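Quick notes on the structure that follows.
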Amino acid sequence: MEVERAVYLTLTVGMIMSFSLLSIGILLDLLGVKIYSTFILAGTLILVLTPMVRVVAAIIAFSSSREFYNAAIATIVLFFMILGILFGFVLRIIPSG
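Numbering (this note's numbering), first residue to last: 7 to 103.
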């Protein structure tokens, strides 16, 4: 039960933070404030990183519960998530124009 609670809290906090920052950014854009893009970027970054933090929380919870098989699987999932992000940055296609 501890693992599910940690994952739930991580997802909830990440989504609330992301939604709040994106909403502030959109509101500032509508008001004509030039700093709105910083809030939108931060909200998007948190939205992307929330699943990774969730997996880290699962690894910690599984390890503290001595469920090492599940912790190993979660570690492999985290490895592939990081690998996907790195490949996205390294192999991205820059549009010419």
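All C-beta atoms, glycine included, are put in the ideal place defined by N, C-alpha and C.
Note that the structure is predicted; figures quoted are calculated from it, not measured.
Distance from the Cα of Ile65 is smallest, within the candidate group Leu55, Arg11, Asn76 and Pro57, for Asn76.
Here Glu73 carries a coil assignment [DSSP, helix/strand/coil].
Here DSSP, grouped into helix, strand and coil, assigns Leu51 to helix. Judged by pairs of C-beta atoms under 8 Å, the stretch 38 to 47 touches the stretch 20 to 28, as three or more such pairs exist. With a 10 Å radius around the Cβ and a threshold of 16 neighbouring Cβ atoms, Ala78 comes out exposed.
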